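Asker: Just passing along the structure, written as structure tokens.
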Amino acid sequence: EHMHVFSVGLKALANFDFEDWFSIQNNYWKPKIFEGIDRPEFLSQLWVERYDAEEHFYDFSPVGKNAERLFDKTLSHSIRLDGLKRHLNISVDTVRFYDHHSCHAYYAYYGSHIRADNTIIYTLDGGGDSVTSTVFQVQDGRPNELARSNKVDVARIYREVTQLMGMKLGEHEFKVMGLAPYATDREMTKSWKFFDGMFETRQNMISYVEGRQPKDLHFAMHDAFKGHRFDGIAAAVQRMCETTVLDWVNTVQAKYKSKNAVFAGGVAMNVKLNMLISELEVLEDFYVCPSPTDDTLCVGACYMAESRISNEASENLYPVDDPYMGPAYDPKSLPTDIVSTRVAEVADVVEDSSPEFIAQLLASGKVISRCVGRMEFGQRALGNRSILADPRSDAAVQRINKQIKYRDFWMPFAPVMLAERAEEYIYTKNKRIQRPYMMIGAKTTEQGSLEFPAAIHAADKTARPQVLERSHNPDYYDLIKCFESITGTGGLLNTSFNLHGEPIVCSPKDAISTFKRSALDVLVLDGITLVRR
2 EHMHVFSVGL KALANFDFED WFSIQNNYWK PKIFEGIDRP EFLSQLWVER YDAEEHFYDF
62 SPVGKNAERL FDKTLSHSIR LDGLKRHLNI SVDTVRFYDH HSCHAYYAYY GSHIRADNTI
122 IYTLDGGGDS VTSTVFQVQD GRPNELARSN KVDVARIYRE VTQLMGMKLG EHEFKVMGLA
182 PYATDREMTK SWKFFDGMFE TRQNMISYVE GRQPKDLHFA MHDAFKGHRF DGIAAAVQRM
242 CETTVLDWVN TVQAKYKSKN AVFAGGVAMN VKLNMLISEL EVLEDFYVCP SPTDDTLCVG
302 ACYMAESRIS NEASENLYPV DDPYMGPAYD PKSLPTDIVS TRVAEVADVV EDSSPEFIAQ
362 LLASGKVISR CVGRMEFGQR ALGNRSILAD PRSDAAVQRI NKQIKYRDFW MPFAPVMLAE
422 RAEEYIYTKN KRIQRPYMMI GAKTTEQGSL EFPAAIHAAD KTARPQVLER SHNPDYYDLI
482 KCFESITGTG GLLNTSFNLH GEPIVCSPKD AISTFKRSAL DVLVLDGITL VRR
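Numbering (the working numbering), first residue to last: 2 to 534.
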């Protein structure tokens with residue numbers, strides 16, 4: 002509940018920096034937890050300093066100067082209802098509140114292709130509505146809750162490690178995951194001692210082993226990891242996440258004799274964990290919907306409303322099987338955009354360019370950006386707002402990192418591959434498990450490592466693949482097919498079309514602006530291609 006002041010009232014996840022979080026830990030939590038001294042004036046002073054500096058959708062004036070009033074759930078609800086009433090001009094009587102983790106669970110199940118009874122639904126994150134984890138079992142086509150807890154600290158630990166390593170809490174956990182495979186066994190083992198034997202599965206839920214719960218996660222790890230190397234810490238927290246969740250899934254699946262599972266919440270974005278879950282012998286099918294984080298709570302709420310209000314059976318609640326749900330643009334506007342941005346001063350304008358023409362540019366080593374059709378929904382670039390390159394070329398990685406994306410050197414790119422070639426490139430131990438949206442990692446085969454060195458993890462040779470059927474995106478598929486006919490490789494390096502720290506491009510003007518401010522060679526738009534001179 003205390004995070005509510007920071008995350009809602011002060012927009013902390015967006016606005017707080019490293020020093021802000023450490024100030025809160027040292028000036029509010031440390032005296033409260035270790036000395037029994039409550040300092041509400043610290044929160045109120047922070048509230049007074051920061052509140053007036055922000056524009057707010059909600060009217061927080063009832064809070065006054067007492068930030069602790071935000072802990073009052075009744076007041077919080079009334080502030081939200083008032084905001085909805087003003088914004089949408091609706092009666093508050095029409096508004097329903099749905100539980101955070103139930104929304105995760107409903108999205109995980111109804112958003113997937115799995116409809117079997119006795120499917121187990123797992124949710125796990127850093128917290129929402131005073132809960133960090135739930136387990137549901139599908140009975141008669143509907144999710145039935147088995148357990149919930151606010152004491153599962155897997156995501157909270159990962160979040161704290163991210164912060165302790167000097168990265169952005171709530172955003173850069175993926176960088177810790179990417180760093181983990183570079184650690185030596187010696188460094189990982191050194192940091193692993195803190196986590197070893199910390200968790201077990203009890204009554205369907207991840208639980209602390211008796212006597213192993215730290216008094217405070219932040220300060221316990223701050224002390225435990227003094228003098229430890231960054232890569233060892235990253236590897237240890239990733240191992241903690243993997244071993245804990247794998248034991249949880251194995252135990253619950255066996256207990257209920259279930260062969261199917263789905264997963265949502267922030268931890269479900271951990272593609273390396275998902276890869277290991279997909280390999281469990283106890284599972285016949287496993288699925289993670291696109292962007293299973295808080296992005297899709299709204300979708301889960303829609304599934305909950307539809308199933309409860311309309312009493313819809315599960316077969317009539319359709320899965321999320323098309324990620325291209327974002328804005329499109331009118332190609333007729335492109336000539337005007339090209340003139341207004343003066344991009345023709347630096348690039349040749351090629352009209353009616355064919356997929357063969359673009360594939361030839363890729364094969365010759367050009368780095369291509371693509372802004373075509375409807376934008377992807379969620380946290381993965383899936384071709385329509387992507388930067389593409391030859392996956393065989395390490396030179397492409399160096400160029401994208403140094404001249405275009407400015408990414409951390411240890412972070413891998415990802416491959417898109419033709420579905421009919423996937424078994425040549427990645428190990429598909431369980432062939433029923435689908436990987437259409439870069440949500441489940443995979444180990445690469447020897448051929449995959451040889452043909453996709455630029456698009457896989459350099460340390461452990463794993464991939465975060467988009468396995469592409471033509472029905473998913475025909476134009477994108479045809480481009481890759483043309484690249485295959487030239488090179489023999491049935492896939493490309495794919496990363497999001499944006500500069501470091503900027504959002505993914507949406508409109509042609511966004512795309513042209515990014516193209517002009519970077520070293521991208523080519524920009525593919527609907528029917529027009531810009532080739533840098």
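Ideal Cβ positions, reconstructed from N, Cα and C, are used throughout, including at glycine.
These numbers come from a predicted model, not from an experiment.
Whole angstroms are fine: how far does the CA of G127 sit from the CA of H102?
Answerer: Here residue 102 refers to the residue found at position 101 when the sequence shown is read from its first residue. Here residue 127 refers to the residue found at position 126 when the sequence shown is read from its first residue. If I take the Cα positions, the gap works out to 11 Å.
Asker: For Q380, which residues of its own chain have a beta-carbon under 6 Å away from its beta-carbon, when the five flanking residues on both sides are left out?
Answerer: Taking the first residue of the sequence shown as position 1, residue 380 is located at position 379. Once the five neighbours on either side are set aside, the close Cβ partners of Q380 are S292.
Asker: Count the CB pairs spanning the segment 193–210 and the segment 150–170 that are closer than 8 Å, and state whether there are at least three.
Answerer: These segments touch.
Asker: With T202 as the anchor, note down where its beta strand (DSSP E) starts and where it stops.
Answerer: As a position in the sequence shown, residue 202 is number 201, starting the count at 1. Unbroken beta strand (DSSP E) run through T202: 200–203.
Asker: What's the gap between the Cα of V283 and the Cα of D479?
Answerer: The residue you call residue 283 lines up with position 282 of the sequence shown. The residue you call residue 479 lines up with position 478 of the sequence shown. Approximately 37 Å between the Cα atoms of the pair.
Asker: Taking the alpha-carbon of D295 as reference, which of Q26, G129, K33, K482 has the nearest alpha-carbon?
Answerer: As a working note, residue 295 is residue 294 in the sequence shown. The shortest C-alpha separation from D295 is found at G129.
Asker: Do you know how far the Cα of I405 is from the Cα of L521?
Answerer: Translated into the one-based positions of the sequence shown, residue 521 becomes position 520. Translated into the one-based positions of the sequence shown, residue 405 becomes position 404. If you take the alpha carbons of L521 and I405, they lie about 7 Å apart.
Asker: Taking its Cβ as the centre, do 16 or more other Cβ atoms sit within 10 Å of P413, making it buried, or is it exposed?
Answerer: Translated into positions along the sequence shown, residue 413 becomes position 412. P413 is buried by the Cβ-count criterion.
Asker: From the DSSP secondary-structure annotation, give me the bridge partner or partners of D349.
Answerer: Translated into the one-based positions of the sequence shown, residue 349 becomes position 348. Answer is V532.
Asker: Ends of the beta strand (DSSP E) at Q140?
Answerer: The sequence position of residue 140 within the sequence shown is 139, counting from 1. 132–140 is the span of the beta strand (DSSP E), which, as asked, contains Q140.
Asker: Which residue's Cα is closest to the Cα of R149: Q448, Q138, K333, Y428?
Answerer: The count along the sequence shown starts at 1 and reaches residue 149 at position 148. Looking at the Cα atoms, Q138 is the closest of the given residues.
Asker: Could you compute how far the alpha carbon of G37 sits from the alpha carbon of D217?
Answerer: For this step, residue 37 is matched to residue 36 along the sequence shown. For this step, residue 217 is matched to residue 216 along the sequence shown. Going from the Cα of G37 to the Cα of D217 covers about 13 Å.
Asker: Which same chain residues, not among the five before or five after F35, have their C-beta less than 8 Å away from its C-beta?
Answerer: Within the sequence shown, the letter at position 34 stands for residue 35. K216, D217, F220, listed in sequence order.
Asker: Let me know the secondary structure DSSP gives P504 once reduced to three states.
Answerer: Within the sequence shown, residue 504 is the residue found at index 503, counting from 1. Three-state DSSP puts P504 in coil, outside helix and strand.
Asker: Using alpha carbons as the reference points, say which of R203, A255, T185, K260 lies closest to I232.
Answerer: Along the sequence shown, one-based indexing puts residue 232 at 231. Per the sequence shown, the amino acid found at residue 232 is Asp instead of Ile. Of the candidates R203, A255, T185, K260, the one whose C-alpha sits nearest the C-alpha of D232 is T185.
Asker: In chain order, what residues of the same chain have a beta carbon less than 6 Å from the beta carbon of P416, not counting five sequence neighbours either side?
Answerer: Walking along the sequence shown from the start, residue 416 turns up at place 415. For P416, where only same-chain residues beyond five positions count, the Cβ hits under 6 Å are P392, F453, A456, A464, P466, G492.
Asker: For D395, does the count of other Cβ atoms within 10 angstroms reach 16, so buried, or fall short, so exposed?
Answerer: Numbered from its first residue, the sequence shown carries residue 395 at position 394. Burial call: exposed.
Asker: Rounding to the nearest angstrom, what Cα-Cα distance links V300 and H473 in this structure?
Answerer: The residue given as residue 300 occupies position 299 in the sequence shown. The residue given as residue 473 occupies position 472 in the sequence shown. Using only the alpha carbons, I get a separation of about 20 Å.
Asker: How about F264 and L383: do their beta carbons lie closer than 9 Å?
Answerer: Against the sequence shown, residue 264 aligns to sequence position 263. Against the sequence shown, residue 383 aligns to sequence position 382. No, the Cβ-Cβ distance between F264 and L383 is not below 9 Å.
Asker: Can you say whether T120 is buried or exposed, counting buried as having 16 or more other CB atoms within 10 angstroms of its CB?
Answerer: For the purposes of this step, residue 120 is taken as residue 119 along the sequence shown, with counting starting at 1. Buried.
Asker: Near T530, which residues of its chain fall below 6 Å by C-beta distance, leaving aside the five closest residues on each side in sequence?
Answerer: Start at 1 with the first residue of the sequence shown, and residue 530 comes out as number 529. So the list reads V351, S354, once near-sequence residues are dropped.
Asker: Give every residue of the same chain whose Cβ lies closer than 7 Å to the Cβ of Y183, excluding the five residues on either side of it in the sequence, and list them in chain order.
Answerer: For the purposes of this step, residue 183 is taken as residue 182 along the sequence shown, with counting starting at 1. Closer than 7 Å at the Cβ level, and outside the excluded window around Y183, lie D232, W411, A460.
Asker: Confirm, please, whether the CB-CB distance from S279 to N90 is below 9 Å.
Answerer: What you label residue 90 is simply residue 89 of the sequence shown in a count that begins at 1. What you label residue 279 is simply residue 278 of the sequence shown in a count that begins at 1. The answer is no: Cβ separation not under 9 Å.
Asker: Using a 10 Å radius around the Cβ and a threshold of 16 neighbouring Cβ atoms, would you call F19 buried or exposed?
Answerer: By one-based count along the sequence shown, residue 19 stands at place 18. When all chains shown are included, F19 counts as exposed.
Asker: In terms of alpha-carbon separation, which member of R87, T515, G374 lies closest to K333?
Answerer: Translated into positions along the sequence shown, residue 333 becomes position 332. The option with the nearest alpha carbon to K333 is G374.
Asker: Helix, strand or coil for R518? Go by DSSP, reduced to three states.
Answerer: Against the sequence shown, residue 518 aligns to sequence position 517. Coil.
Asker: As an exercise, report each continuous beta strand (DSSP E) stretch of at least 3 residues that is fully enclosed by the segment 150–214, in chain order.
Answerer: Fully enclosed beta strand (DSSP E) runs of 3 or longer: 200–203, 206–209.
Asker: Taking DSSP as the reference, what is the three-state secondary structure of E2?
Answerer: Counted from its first residue, the sequence shown places residue 2 at position 1. In this predicted model, E2 has a pLDDT of only 47, less than 50, meaning its place in the structure is not dependable enough to derive any value.
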